[in-house]
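Chains as they are written, first to last, in the numbering used here: chain G, 5 to 176; chain E, 5 to 176. Glycine included, C-beta positions come from ideal geometry on N, C-alpha and C. The structure presented is a predicted model; accordingly, all values stated were derived computationally and were not measured.
Protein chains: 2
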Amino acid sequence: MVRTKIALVTQPVDLIAEAKRNWDKRGWAESDAMAAATSITRAHQIVLSRINQALLPFELTFSRYEALALISFSREGALPLGKMGERLQVHPTSVTNTIDRLEADGLVERVPHPSDRRATLAKITGEGMSRLEKATDAMESIRFGLGQVDPEPVIRITDVLVEVRRSAGDVP
Amino acid sequence: MVRTKIALVTQPVDLIAEAKRNWDKRGWAESDAMAAATSITRAHQIVLSRINQALLPFELTFSRYEALALISFSREGALPLGKMGERLQVHPTSVTNTIDRLEADGLVERVPHPSDRRATLAKITGEGMSRLEKATDAMESIRFGLGQVDPEPVIRITDVLVEVRRSAGDVP
DNA sequence: TACCATTAGTCGGATGTCCAACTATCTGAC
DNA sequence: GTCAGATAGTTGGACATCCGACTAATGGTA
Chain G
5 MVRTKIALVT QPVDLIAEAK RNWDKRGWAE SDAMAAATSI TRAHQIVLSR
55 INQALLPFEL TFSRYEALAL ISFSREGALP LGKMGERLQV HPTSVTNTID
105 RLEADGLVER VPHPSDRRAT LAKITGEGMS RLEKATDAME SIRFGLGQVD
155 PEPVIRITDV LVEVRRSAGD VP
Chain E
5 MVRTKIALVT QPVDLIAEAK RNWDKRGWAE SDAMAAATSI TRAHQIVLSR
55 INQALLPFEL TFSRYEALAL ISFSREGALP LGKMGERLQV HPTSVTNTID
105 RLEADGLVER VPHPSDRRAT LAKITGEGMS RLEKATDAME SIRFGLGQVD
155 PEPVIRITDV LVEVRRSAGD VP
């Protein structure tokens, strides 16, 4: 499935700090940015791995979980796929893929849009709702992959990364 | 190839902040962690997209670029694939995949390990070195996808994410 | 009313990452 | 010395993501 076992061994050195030293030693510029980009990549790998591992018992992945949660927040318990792509900020074909899998698992169903025959709604099923709630318990218990990180740094993560997201037009 | 165009339009609202509000409204816990995990995911998407787009002219991706840079830092300009997996913190099969592509492009070549017949070294070629240098110029110019972010926040990104990496045993 | 540009989804192809399993080789214990 | 266990890489399969291209439907304009 999609677990990805995170290093069970403690690294003897900080590999990113070491990479930065090599960078500087060679006289290459922007080593701070290199370290930041690499840190983001690694943090993503760590968090995603833990989340997917925790979702394994529910036959879910983070992508599918996010989609399911998004739909559950809607008034009708249904959303057009295009709208989902906008909210989740992923490509339309990724949404198609995600909904395909959720639908195959009986957690959502495709229903025609009432007024626009081009559009399709993904509607969450009863099974989808109960699966989502159980999965959410699991997510809360591992704190979305940040279980061993103190609450204060967790908040700072969001705060700092807002700058990156702002640079991409994510924030007004 | 691997570009991924980042949203060219400015979002009218902060989607992650909105997701957090929905989370809280429903009474779900750990919304701060949810926001942080989602921010990491999005930041990764943004940075990786910009980097890969900048590497496009060099027929490289971030994975391949990182591998190439790592090899270039070695004394002999060659490293066992297993060692690369450890340093880059990726699965052995990912290294095989990456080296396959770099080799197909003539940027590295597989050479037998001098004393261990199980092992294979990835050795950077002259073409690989020159391609790496050009690609590095491009990376510096976009500051590894963080071009529009001030230097100070960039440093804070690495600092905060050390906590996440520490929780995974990445830091001594 | 007719038509062309835009929008919604989907299909096929490419990339990267991971896991399970397998072959070849090395190594330490008996 | 021999042999079981560990290590190095590879192969095949599963996922998620993106892009280009295509079909169907909508909509504003002439």
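Rounded to whole angstroms, the gap between the alpha carbons of Leu85 of chain G and Arg122 of chain G is 11 Å. The region 161–175 of chain G makes contact with the region 162–176 of chain E, as at least three CB pairs between them are under 8 Å.
DSSP, reduced to helix, strand and coil, places Ala126 of chain E within a strand of the structure shown. For Ala21 of chain G, the enclosing alpha helix (DSSP H) begins and ends at 19–29. When the alpha-carbon of Met133 of chain G is set against those of G:Ala21, G:Pro157, G:Leu106, G:Ile159, the nearest one is in G:Leu106.
One finds Ile161, Thr162, Leu165, Val166, Arg169 in chain G with Cβ atoms closer than 8 Å to the Cβ of Ser43 of chain E, taken in chain order.
The DSSP-derived three-state label of Glu63 of chain E is coil.
Contact of Asp36 of chain G with chain E by beta-carbon distance below 8 Å involves Pro155, Val158, Ile159, Thr162. For Thr129 of chain E, the CB contacts under 7 Å within the same chain, skipping 5 residues up- and downstream, are Gly110, Leu111, Val112, Glu113 in chain order. At least one beta carbon of chain G lies nearer than 8 Å to the beta carbon of Gly173 of chain E. Comparing alpha-carbon positions, the option among E:Arg169, E:Gln15, E:Ser145 lying closest to Arg91 of chain G turns out to be E:Gln15.
Between the C-alpha atoms of Ala142 of chain G and Pro61 of chain E there is a straight-line separation of about 43 Å. For Pro155 of chain G, the enclosing alpha helix (DSSP H) stretches over residues 155–171.
Scanning chain E for C-beta atoms nearer than 8 Å to the C-beta of Val51 of chain G yields Ala41, Ile44, Thr45, Val168, reported in chain order. Assigned with DSSP and collapsed to three states, Arg114 of chain E falls in strand. Listed in chain order, the non-local C-beta contacts of Lys24 of chain E below 6 Å within the same chain comprise Ser35, Ala39, local neighbours out to five positions each way being set aside. Here DSSP, grouped into helix, strand and coil, assigns Pro84 of chain E to strand.
Remark: C-beta atoms of Asp28 of chain G and Val175 of chain E do not approach each other more closely than 8 Å.
Under the Cβ criterion (8 Å, minimum of three pairs), the region 41–51 of chain G counts as touching the region 141–155 of chain G. Nearest to Leu136 of chain E by C-alpha distance, out of E:Ala21, E:Val115, E:Ser67, E:Gln93, is E:Ser67.
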